[in-house]
Amino acid sequence: MLPKTLARKYGLREFMVKRYIEIFGVKGTKEFLDKVEKGISSYVRVNTIRGREEEITYRLMEKGFDLKDTFVPHVYSIKGDFSPSSSLEYLRGEIFLQDLSSAYASFSLGVKEGERVLDMCSAPGAKTTHIAQLMRNKGEILAVDSSKTRVLSLIYNLARCGVRNCYVWIEDSRKLPSMIKSKFDRVLLDAPCTGEGVISKDRSRKLSRVEKDYSIMSSIQKELISSGLSLLKEGGILVYSTCSISPEENEEVISYALEKFQVEIIPLEFGERGLKSFMGRKYPREVTKCRRFYPHVHDTYGFFLAKLRLVKEVKT
Numbered sequence: 004m005l006p007k008t009l010a011r012k013y014g015l016r017e018f019m020v021k022r023y024i025e026i027f028g029v030k031g032t033k034e035f036l037d038k039v040e041k042g043i044s045s046y047v048r049v050n051t052i053r054g055r056e057e058e059i060t061y062r063l064m065e066k067g068f069d070l071k072d073t074f075v076p077h078v079y080s081i082k083g084d085f086s087p088s089s090s091l092e093y094l095r096g097e098i099f100l101q102d103l104s105s106a107y108a109s110f111s112l113g114v115k116e117g118e119r120v121l122d123m124c125s126a127p128g129a130k131t132t133h134i135a136q137l138m139r140n141k142g143e144i145l146a147v148d149s150s151k152t153r154v155l156s157l158i159y160n161l162a163r164c165g166v167r168n169c170y171v172w173i174e175d176s177r178k179l180p181s182m183i184k185s186k187f188d189r190v191l192l193d194a195p196c197t198g199e200g201v202i203s204k205d206r207s208r209k210l211s212r213v214e215k216d217y218s219i220m221s222s223i224q225k226e227l228i229s230s231g232l233s234l235l236k237e238g239g240i241l242v243y244s245t246c247s248i249s250p251e252e253n254e255e256v257i258s259y260a261l262e263k264f265q266v267e268i269i270p271l272e273f274g275e276r277g278l279k280s281f282m283g284r285k286y287p288r289e290v291t292k293c294r295r296f297y298p299h300v301h302d303t304y305g306f307f308l309a310k311l312r313l314v315k316e317v318k319t
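Position 249 of the sequence shown, counting from 1, maps to 252 under the numbering used here, and the rest follow consecutively.
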C-alpha cells in the first residue's frame, strides 16, 4: 500500500514510486520527494569570456544577490529578490543559469585549448557555452541538435555569451558517423531522456510518462553513444549525461558501451556511485565509477554522469 499512498500524496504514478523505493529505500524516497516538492537551489555560471569573474560577482552582490562557491569552478549557488535572468549581467552574457550537475558534466569533459570537440545534443547551449569558456574560445566545437526550434535558442546563447569557436549543425546525431570522416578529441553526449530528474522544475513530468518510455529512450541513447564513440579518436574522452535517474537510461546504456566498445570508465570525484543492480538486472562492477546526483543529497536536479575513455578507435 505504501507506493500507492506516496503516489497519491505527491501526485505521481505508482510505478514511479516503486522505482524510487528500489533506488532509495522508503526513507530515502520520502526525502527525495519532499525535496522535489520544495525545489532546489538556483545556480549561475560566471562566463569569463565576457569579463573578469571578480568584477561580475561583485556587481551581482552589489545588486543584493547572495553567492556561494560550489565544487565546479565559476559556478555559484545564487539567491536574490529577483531572477538573475532579469539582470544586466545575464543580458550581457556574463552569467548563464545552469544547474550545478549540468555544469559538472561539461567541466568533467576536461577540454583543452585547440582541441576538436563534438557536442551531440547541444541546444539550448548551457554546456556548449561552458565548453567554449573552458577552451577560451580556442579550438573548434561542432554543436549538433535535431530540433530547429531549440537550435534558435542555442544560436542566441552562443551570441549572447561571446562564443566564436563553434559551428552549429541541425542534424540527428545518430547519423553523424556516415556524414563525418574525421575524429574528435572529446565528445559530450547530454542525451535526450525522460527528464525524470527535473520534476522539481517541470511538474508535468509527474504524470506525462509511462513505463515503456524508459526502454524507448534507452534504445535511442544506445544509438547515440554508439555514434559518439565511433567519432572519437583513440584515447579520446566521451562524457555521457542525462537529467534522469532511471537506470535503463544510465547504467544500462554504459553497460552497453562497455560490451560493444573498447572503453574504460574514468572515476569522477563528486556524486553518488552508479547502481550495481536495479529490479533484478545486474550491471558490471565498473559502472559504480559513474556518478549520480540527487535533489535531497546534492541540492541539484536528478542527474547521471559517466566519463569514458576510448581505448581503441572504432573503424568507420
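All C-beta atoms in this analysis are idealised placements derived from N, C-alpha and C, irrespective of residue type, glycine included.
Every value quoted in this text rests on a predicted model; they were computed, and no experiment measured them.
Open item on the list: Using the Cβ count rule (16 or more neighbours within 10 Å means buried), how would you classify Gly3?
Closed with: Residue 3 lies beyond the residue range present for the chain, which begins at 4 and ends at 319; the question has no answer from this structure.
Open item on the list: Just to confirm my understanding: we take Leu157, look at its own chain, exclude 5 residues before and 5 after, and list those with CB closer than 8 Å. What are they?
Closed with: Position 154 of the sequence shown holds residue 157. So the qualifying residues of the chain are Ser125, Ala126, Pro127, Gly128, Thr131, Ala146, Asp148, Val171.
- [ ] Measure the CB-CB distance between Lys310 and Leu271 and report whether it falls below 8 Å.
- [x] Residue numbering aside, residue 310 sits at position 307 when the sequence shown is read from its first letter. Residue numbering aside, residue 271 sits at position 268 when the sequence shown is read from its first letter. For Lys310 and Leu271, yes; Cβs fall inside 8 Å.
Task: the region 162 to 169 contacting the region 219 to 227, beta-carbon criterion three pairs below 8 Å - done: no
Task: Boundaries (first-last residue) of the alpha helix (DSSP H) holding Tyr93 - done: On the sequence shown, position 90 is the one that residue 93 refers to. Note, Tyr93: alpha helix (DSSP H), 91 to 94.
- [ ] Please determine, among Gly42, Glu17, Leu5, the residue with the shortest C-alpha to C-alpha distance to Ser203.
- [x] The residue you call residue 203 lines up with position 200 of the sequence shown. Checking every option, the nearest Cα to that of Ser203 belongs to Gly42.
Open item on the list: My output table needs one value for Thr245: the three-state DSSP class, helix, strand or coil.
Closed with: Along the sequence shown, one-based indexing puts residue 245 at 242. If DSSP states are grouped into helix, strand and coil, Thr245 belongs with the strands.
Task: Cβ distance (whole Å) where Leu210 is taken to contact Arg16 below 8 Å - done: Walking along the sequence shown from the start, residue 210 turns up at place 207. Walking along the sequence shown from the start, residue 16 turns up at place 13. Rounded, the Cβ-Cβ distance is 6 Å, consistent with contact.
TODO: Enumerate, from N- to C-terminal direction, the unbroken beta strand (DSSP E) stretches of 3 or more residues contained entirely within the region 169 to 202.
DONE: 169 to 173, 187 to 193
Task: 6 Å CB neighbourhood of Phe273 in its chain, flanking five on each side removed - done: As a working note, residue 273 is residue 270 in the sequence shown. Phe74.
TODO: For the region 42 to 59 and the region 69 to 83, state whether three or more C-beta atom pairs, one from each stretch, are separated by less than 8 Å.
DONE: Under the three-pair Cβ rule at 8 Å, the region 42 to 59 counts as touching the region 69 to 83.
Open item on the list: Quick check on the DSSP output: what are the complete beta strand (DSSP E) runs of length 3 or more inside the region 46 to 74, in order along the chain?
Closed with: 69 to 72
Open item on the list: Could you tell me the alpha carbon to alpha carbon distance between Arg22 and Thr8, rounded to whole angstroms?
Closed with: Within the sequence shown, numbered from 1, the residue matching residue 22 stands at position 19. Within the sequence shown, numbered from 1, the residue matching residue 8 stands at position 5. Those two C-alpha atoms are separated by around 14 Å.
Open item on the list: Just verifying my parser: in three-state terms, what is the DSSP assignment at Val29?
Closed with: Position 26 of the sequence shown holds residue 29. Val29 falls in the helix class under three-state DSSP.
TODO: Could you check which residue in Ser207, Asp69, Ala194, Tyr79 has the C-alpha nearest to that of Phe85?
DONE: The residue you call residue 85 lines up with position 82 of the sequence shown. Selected option, being the one with the closest Cα: Asp69.
- [ ] Pick out whichever of Ser80, Leu155, Arg153 has its Cα sitting closest to the Cα of Asp102.
- [x] Here residue 102 corresponds to residue number 99 of the sequence shown, with the count starting at 1. With distances taken between CA atoms, Asp102 lies nearest to Ser80 out of Ser80, Leu155, Arg153.
TODO: Rounded to whole angstroms, what's the CA-CA distance from Arg288 to Lys279? Just pull it up for me.
DONE: The sequence position of residue 288 within the sequence shown is 285, counting from 1. The sequence position of residue 279 within the sequence shown is 276, counting from 1. Computed Cα separation, rounded: 6 Å.
Task: Nearest to Phe264 (by Cα), restricted to the options Ser247, Gly238, Ser207 - done: Counting from one through the sequence shown, the residue named residue 264 turns up at place 261. Nearest C-alpha to Phe264: Gly238.
Open item on the list: Is it buried or exposed, Val314, if we count other Cβ atoms within 10 angstroms and call 16 or more buried?
Closed with: Taking the sequence shown and counting its residues from 1, the one referred to as residue 314 is at position 311. It is exposed - the Cβ of Val314 has fewer than 16 other Cβ atoms within 10 Å.
Open item on the list: Please report the distance separating the alpha-carbon of Val20 from that of Gly283.
Closed with: The residue you call residue 20 lines up with position 17 of the sequence shown. The residue you call residue 283 lines up with position 280 of the sequence shown. Each residue's Cα considered, the two are about 17 Å apart.
TODO: Look up Lys310 in the DSSP assignment and give the residues it is bridged to.
DONE: As a working mapping, residue 310 is identified with position 307 in the sequence shown. Answer is Val242.
Task: Given Ser207 as reference, the closest of Leu5, Ser244, Ile24, Val39 once Cα atoms are compared - done: Position 204 of the sequence shown, counting from 1, holds the residue named residue 207. Ranking the options by Cα distance to Ser207, first place goes to Val39.
TODO: Tell me, please, which residues DSSP counts as bridged to Phe296.
DONE: Taking the first residue of the sequence shown as 1, we reach residue 296 at position 293. The partner list for Phe296 (beta bridge, DSSP) reads Phe306.
Open item on the list: Considering just the uninterrupted stretch of the beta strand (DSSP E) at Val120, what are its terminal residues?
Closed with: Taking the first residue of the sequence shown as 1, we reach residue 120 at position 117. Segment 119 to 122, the beta strand (DSSP E) holding Val120.
Task: Distance between beta carbons of Ile173 and Val154, contact taken as under 8 Å - done: Sequence index remark: in the sequence shown, residue 154 carries index 151 (1-based). Sequence index remark: in the sequence shown, residue 173 carries index 170 (1-based). With a Cβ gap of about 5 Å, Val154 and Ile173 count as contacting.
- [ ] Compute the Euclidean distance between the alpha carbons of Asp205 and Lys225, then round it to the nearest angstrom.
- [x] The residue labelled residue 205 in the question sits at position 202 within the sequence shown. The residue labelled residue 225 in the question sits at position 222 within the sequence shown. Each residue's Cα considered, the two are about 25 Å apart.
- [ ] Determine the burial state of Met64: buried for a count of at least 16 other Cβ atoms within 10 Å of its Cβ, exposed for fewer.
- [x] As a working note, residue 64 is residue 61 in the sequence shown. The residue in question, Met64, is exposed, as its Cβ has fewer than 16 Cβ neighbours within 10 Å.
Open item on the list: Using only CA atoms, which one of Ser104, Ser181, Glu214 lies nearest to Arg294?
Closed with: As a first step, residue 294 is located in the sequence shown; it is residue number 291 there, counting from the start. Here the closest residue by C-alpha is Ser104.
Task: Start-to-end residues for the alpha helix (DSSP H) that takes in Ala146 - done: As a first step, residue 146 must be located in the sequence shown, where it is residue number 143. Here Ala146 belongs to no alpha helix (DSSP H); instead the beta strand (DSSP E) covers 143 to 148.
Open item on the list: Could you pull the DSSP bridge partners for Ile268 from this structure?
Closed with: As a working mapping, residue 268 is identified with position 265 in the sequence shown. Leu311, per the DSSP bridge assignment.
Open item on the list: Within the continuous alpha helix (DSSP H) that includes Ser229, where are the two ends?
Closed with: Within the sequence shown, residue 229 is the residue found at index 226, counting from 1. Residues 215 to 233.
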